[in-house]
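Listed in order, the protein sequences are those of chains A and B. Residue numbers are given in our numbering: position 103 of the first sequence equals residue 103, and the series is strictly consecutive. Here our numbering = 1-based position in the second sequence + 1000. Notes for the one structure printed next.
There are 2 protein chains.
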Amino acid sequence: MAKNDHISMSVVRRLPRYYRFLYDLKENGVTRISSRELSQRMGLTASQIRQDLNCFGGFGQQGYGYMVEQLYAEIGKILGMDRLSETVLLGAGNLGRAIANHMDFEKRGIHLAAIFDDAPQVAGTLVRGLQVEPLEKLEEICAAAHPEVAILCIPKEAAPAIVERLLALGVRGFWNYSHYDIAHEHPEAVVENVHLGDSLMTLSYQLKQEE
Amino acid sequence: MAKNDHISMSVVRRLPRYYRFLYDLKENGVTRISSRELSQRMGLTASQIRQDLNCFGGFGQQGYGYMVEQLYAEIGKILGMDRLSETVLLGAGNLGRAIANHMDFEKRGIHLAAIFDDAPQVAGTLVRGLQVEPLEKLEEICAAAHPEVAILCIPKEAAPAIVERLLALGVRGFWNYSHYDIAHEHPEAVVENVHLGDSLMTLSYQLKQEE
DNA sequence: TAGATTGTTAATCGATTAACAATC
DNA sequence: TAGATTGTTAATCGATTAACAATC
């Protein structure tokens, strides 16, 4: 499918946004769109949109534009939304429970198979219909579910040991809310960090500049 | 304080990570560090660290390195961690409540003054010691608290009207978990988007590439 | 066909890395 | 002083924008 084998992360990080805009266009009954009109709606240049899309193939039609539904489907495939990755969630504190309940996992290519936490307040409770399991059952449950993704909503201190166990169980990707630097310690892992505190501090910086 | 008046967002987004690493070094009793050693710990180049820091001033000492505690304090000041921004949270669903309970707001320069939600399940309940207020009290409460930041944990459809009201009340910065494109609609606002679904989709993309 | 818009190459801009003189 | 390491300039690399030929 890919025209080039290496696509820069700058491009990849724009794909989900294209995907969302195209979904909205589709829902609003728009069937075709030019790079120029999409660029105006998204606040990008038309040139960038055409460059981005052409990393993956010629999805448009010269003189005409892009078919919204087809382009939406193509980007979905590129992002891997045409299958579900088995996934386990580590940590059922405030954040872990909110992620479990809030995310549209199936629409994001994820199937949540199990949730783990040792804390007595949550152990055994139901979260999104799943019983929170103790960590000692990690190996047993993962041997059956074969997760390739783990979501880490655990404290930094707990992360190193759990990451080791998950890697040994075949987990390849981490959606990492902890401050443990998985990518640096395990270069073979695929890591997407979500550092909410960092994001908030960046907002603070920008506010300060405006004064 | 700033040497240059415009600092690129590429640099700014690295600052919170420096801040975290320096905090850990400080906690571990490290008093000074060279750009080379920090670069090895963080997985950056020494050159980039020196370039980044020099956007804001000469914090190091030639032949010696950087004083950890001093550098930590300087970056904190640059990020605005030396004061608290009054902040309101909109939306006390799964995500809003988790954000309220989970974030170390005070350590991130934020004071959470009020939480708003109209849903009957949460209206009037206590979240992080604050009573969830109905949206009709937004103007009254903001007139007293003068928030400059709003955290949006509300659905996309609810966002446009609420953003208008918040801007009219003097809010300048938005920590935006919704899919409403504030920055595009209101170029004068400072916006930091947190699009968790987008982040998860980029993880999915990266996993797919590895196969 | 004429008009429109893509796909793609070339030009520009910005960010990162390398090199080294300044200096502690 | 000699050694180390910064601050800063220059070189490289990568990403974005502009331009235009291809083509629907």
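Here a beta-carbon is modelled for each residue, glycine too, at the ideal position from N, C-alpha and C.
So what's residue i in DSSP terms, helix, strand or just coil?
| i | result |
| --- | --- |
| A:W86 | Note on residue identity: the sequence assigns Glu, not Trp, to residue 86 of chain A. If DSSP states are grouped into helix, strand and coil, A:E86 belongs with the strands. |
| B:H1184 | helix |
| B:G1197 | helix |
| A:A189 | coil |
| B:I1154 | coil |
| B:I1007 | coil |
| A:V171 | coil |
| B:R1032 | strand |
| B:A1002 | Bear in mind that a pLDDT of 41 at B:A1002, under 50, signals an unreliable position, so the number given afterwards is only what the model happens to contain. B:A1002: coil per DSSP, three-state reduction. |
With C-beta atoms as the reference, is residue i less than 7 Å away from residue j?
| i | j | result |
| --- | --- | --- |
| B:A1123 | B:V1132 | yes |
| A:K156 | A:H186 | no |
| A:G173 | B:L1196 | no |
| A:L95 | A:F116 | no |
| A:V68 | A:L25 | yes |
| B:V1127 | B:P1147 | no |
| B:I1182 | B:V1191 | yes |
| B:A1114 | B:I1141 | yes |
| A:I151 | A:W175 | yes |
| A:A98 | B:A1098 | yes |
Applying the 10 Å Cβ sphere with the 16-neighbour rule, what's the burial state of residue i?
| i | result |
| --- | --- |
| B:G1043 | exposed |
| A:E74 | buried |
| A:N193 | buried |
| A:K208 | buried |
| B:S1047 | exposed |
| A:R20 | buried |
| B:G1060 | buried |
| A:S35 | buried |
| B:R1212 | The requested residue 1212 of chain B does not occur in the structure, where chain B is confined to residues 1001 to 1211. |
| A:G80 | buried |
| A:M9 | exposed |
| A:G109 | buried |
| B:D1052 | buried |
| A:A159 | buried |
| A:A168 | exposed |
| B:D1104 | exposed |
| B:D1198 | buried |
| B:A1002 | Because B:A1002 carries a pLDDT of 41, less than 50, the predicted location of this residue cannot be relied on, and the following value inherits that uncertainty. It counts as exposed. |
| A:Q62 | exposed |
So, under 8 Å CB-CB, residue i and residue j are touching, yes? Tell me the CB distance rounded to an integer number of Å.
| i | j | result |
| --- | --- | --- |
| A:R32 | A:G65 | 5 Å |
| B:I1038 | B:I1078 | The question names Ile, but residue 1038 of chain B is Leu in the sequence shown. Not really, about 17 Å apart at Cβ, beyond 8 Å. |
| A:L130 | A:Y72 | Rounded, the Cβ-Cβ distance is 30 Å, inconsistent with contact. |
| B:H1111 | B:E1086 | 6 Å |
| A:Y18 | B:V1012 | Between B:V1012 and A:Y18 the Cβ distance is about 25 Å, and since that is not below 8 Å, they are no contact. |
Please confirm whether any heavy atom of the ligand HEM lies closer than 6 Å to the CB of residue i.
| i | result |
| --- | --- |
| B:S1047 | This structure lacks the ligand HEM; in fact it carries no ligand of any kind. |
Item to complete: Any chance you could list the alpha helix (DSSP H) runs of at least 4 consecutive residues sitting entirely within the segment 1055-1138 of chain B, in chain order?
Response: The segment 1055-1138 of chain B contains these whole alpha helix (DSSP H) runs: 1068-1078, 1094-1102.
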